[in-house]
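These protein sequence lines map, in sequence, to chains A and B. For the first sequence, my numbering gives the first residue as 1, with consecutive numbering after it. For the second sequence, my numbering gives the first residue as 1001, with consecutive numbering after it. Glycine is no exception: its CB is placed at the ideal position from the N, C-alpha and C atoms.
There are 2 protein chains.
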Amino acid sequence: MRTTEETRLPQPDLATVEIGTVLQALADPVRLQIVRLLDTVGEAPCGALELPVGRSTVSHHLRTLRESGLVETHLRGNTRVSRIRGEELERRFPGLLASVLGATPAARAGAATNDGEGER
Amino acid sequence: MRTTEETRLPQPDLATVEIGTVLQALADPVRLQIVRLLDTVGEAPCGALELPVGRSTVSHHLRTLRESGLVETHLRGNTRVSRIRGEELERRFPGLLASVLGATPAARAGAATNDGEGER
DNA sequence: ATAGAGGTTCGATGTGTATCGTAGATGTCG
DNA sequence: CGACATCTACGATACACATCGAACCTCTAT
């Protein structure tokens, strides 16, 4: 039984990751939601993430997040437990994750400075 | 002659801007470069930005950056001067821009923790 | 007025990628 | 062993969008 065997899936060294890669990973709404979820629950098996997309899509996004250095995944028995690489990220991109996760939702439209637009 | 007339192009109130919108705007390599350029030079007319894409594309990106709240543009006579909305952004998303602009380039590959991948 | 410079808008094109369903891989349990 | 659960990998599809060139617009200068 190998006493709590935990293999970590391959992941990049954060030193080799560009900020652009991380931003691109965070730019997708579903992936951003995954990151928020993982931040609140600490860690979770892939299937436990409640998301508005199919399983295979979640798997794909987790792969993207892992390859961009944001998330690490451990094989625990039958399931894969994912977690944010919080401390490492803080060392590589100080303040980034905190500012993203700490961002408040937007106020519902209304008074713009000069404006008239706002959408695309 | 209206003594230094300066009209600002329409832009969204940052309070109504979602973090996802900003991240998506920053996710594009050319736009990220524009933001970096504007950060170093302070402000610049559209045409002065040296970028590996055509004029119309730069114009399109500046529009995206403006609509996502990152950049403001003033009509100064014949030219349009663009600038990062630094202070406002700091209030709305504290630390975000600083962490993005402060990010160091990636170390060239090499020793990964466990790894083997790193690219897409 | 005429020309010209600085930028934007428009339509078209190509590429990237988010998404899904199904099939396959791996591990657990009876 | 065989059945079942958890994910991932694989094609296929569809949509978003980055890019370009040309036409257009708006000042400025002559």
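Between residue 85 of chain A and residue 69 of chain A the beta-carbon gap is near 7 Å, inside 8 Å, which marks them as a contact. Interface flag for residue 71 of chain A against chain B is unset, since no Cβ pair is found closer than 8 Å. At a cut-off of 8 Å between beta-carbon atoms, residue 1086 of chain B makes no contact with chain A. Counting C-beta atoms within 10 angstroms of its own C-beta, residue 1025 of chain B has 16 or more neighbours from the protein chains shown and is therefore classed as buried. DSSP places residue 29 of chain A inside the alpha helix (DSSP H), whose first and last residues are 29-41. The C-beta separation of residue 44 of chain A from residue 37 of chain A comes to about 7 Å, placing the pair in contact by the 8 Å criterion. With respect to chain A, the C-beta atom of residue 1056 of chain B has no partner C-beta closer than 8 Å. Looking at A:34, A:40, A:22, the one whose alpha-carbon comes closest to that of residue 1029 of chain B is A:22.
Three or more beta-carbon pairs drawn from the region 1008-1018 of chain B and the region 1059-1079 of chain B are found closer than 8 Å, and the two stretches are therefore classed as touching. Sequence-distant partners of residue 8 of chain A (beyond 5 residues in either direction) whose C-beta falls short of 8 Å from its own C-beta, in its chain, are 72, 73, 74, 75. The DSSP assignment places 1071-1076, 1079-1084 as complete runs of the beta strand (DSSP E) inside the region 1059-1093 of chain B, in order along the chain (cut-off: 3 residues). For the region 1011-1040 of chain B, the beta-carbon criterion of a distance under 7 Å to any beta-carbon of chain A is satisfied by 1011, 1012, 1013, 1015, 1016, 1017, 1018, 1019, 1020, 1023, 1024, 1026, 1027, 1029, 1032. Looking at the DSSP output, residue 1098 of chain B shares a beta bridge with no other residue. Put simply, the region 1091-1099 of chain B does not touch the region 1049-1059 of chain B. Fewer than three CB pairs are less than 8 Å apart.
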